[in-house]
Amino acid sequence: MSKIDIFAVMMLKQWRLSRGYTLSEAAGLLAIENARTYQRYEEGENRPDAPIVERILATTSGEVTLDDMHALRIQWLRANKPEIAGAALEAAE
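Each position in the sequence shown, counted from 1, maps to that position plus 6 in the numbering used here.
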């Protein structure tokens with residue numbers, strides 16, 4: 007994994023930690039009811055829908071980008087569901 011990959015993967019979590027927010031506090035800022043749901047977005051396990059993406063972009067003042075969230079999701083899929091990641095990447099080529 008390159009340094010760029012690590013940066014992209016950690017972006018949402020880095021943003022939260024750099025501001026000293028707990029998972030619950032970050033979830034509250036984004037109007038996400040459950041801290042575990044937020045954590046799944048942060049880890050790339052789940053992908054946020056469009057309204058949540060817009061709230062992430064606004065709340066982080068663009069420090070966390072759509073590209074960051076996409077890279078995080080792809081990395082999570084490669085690690086946890088390689089059959090899905092492989093099919094998705096092949097379709098994109």
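Virtual Cβ for every residue (Gly too), placed ideally from N, Cα, C.
query, result
"Taking 6 angstroms as the limit between beta carbons, can you name the residues of its chain near residue 67, skipping five residues before and five after?", "none"
"Take residue 45 and list the residues in its own chain whose beta-carbon comes closer than 7 angstroms to its own, dropping the five residues that flank it on each side.", "29"
"Return the first residue and the last residue of the alpha helix (DSSP H) that residue 49 is part of.", "41-49"
"Might you give, ordered along the chain, the residues of its own chain that have their beta carbon closer than 6 angstroms to the beta carbon of residue 53, omitting 5 neighbours on each side?", "79"
"In angstroms with no decimal places, state the Cα-to-Cα distance between residue 77 and residue 85.", "12 angstroms"
"Using 10 angstroms around the beta-carbon of residue 15, count the other beta-carbons present and answer buried if the total reaches 16, otherwise exposed.", "Because residue 15 carries a pLDDT of 43, less than 50, the predicted location of this residue cannot be relied on, and the following value inherits that uncertainty. Per the 10 Å Cβ criterion, buried."
"Report the rounded CA-to-CA distance for residue 72 versus residue 89, giving the unit in angstroms.", "23 angstroms"
"If we call anything under 8 angstroms between Cβ atoms a contact, is residue 50 one with residue 81?", "yes"
"May I have the straight-line CA-CA distance separating residue 39 from residue 33, to the nearest angstrom?", "7 angstroms"
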